[in-house]
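Student: Heads up: the sequence shown runs through residues 4 to 88, numbered per our numbering. Glycine included, each C-beta is placed from N, C-alpha and C at the ideal position. Structure below; questions to follow.
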Amino acid sequence: MHDELVDHLTRSSPLSRGEALRVIQEVLAYFDETTTEYVRRRHRELQARGLVNAEIFDRIEADLKYRAVAPPELTLRQLRRIVYG
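As structure tokens, then:
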């Protein structure tokens, strides 16, 4: 799986083949997260840091624009619906 990328990472970094493969799998898993999963996870993380919803939803809205495949822009209402159902 992704042999060309593994080869590139082992040539251009100190990573072993096994380490490069694990890094690739972690990155792919991170970007495989759906928008709904991402919004819920980030909401929990930011809430645990003590942020209030207004700050949390502003940050999530801004962060979504920088995802590898940016989803359509979500309104505050849509973000709240994802989190709270």
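For residue 5, which option in 37, 24, 62, 66 has the closest C-alpha, if you only look at C-alpha atoms?
Tutor: Residue mapping note: residue 5 aligns to position 2 of the sequence shown, counting from 1. Looking at the Cα atoms, 24 is the closest of the given residues.
Student: The alpha helix (DSSP H) that contains residue 78, what's its start and end?
Tutor: Counting from 1 along the sequence shown, the entry for residue 78 is found at position 75. Here residue 78 belongs to no alpha helix (DSSP H), and DSSP marks it neither H nor E.
Student: My assumption, with CB atoms under 8 Å, is that residue 74 sits in contact with residue 82. Please give the rounded CB distance.
Tutor: Counting from one through the sequence shown, the residue named residue 74 turns up at place 71. Counting from one through the sequence shown, the residue named residue 82 turns up at place 79. Not confirmed; about 11 Å, so no contact.
Student: Which stretch, first to last residue, makes up the alpha helix (DSSP H) that contains residue 33?
Tutor: As a first step, residue 33 is located in the sequence shown; it is residue number 30 there, counting from the start. It spans 20 to 35 - the alpha helix (DSSP H) in which residue 33 sits, taken as one unbroken run.
Student: How should residue 45 be labelled, buried or exposed, when 16 other C-beta atoms within 10 angstroms of its C-beta is the threshold for buried?
Tutor: Position 42 of the sequence shown, counted from the start, is the residue given in the question as residue 45. Buried is the call here.
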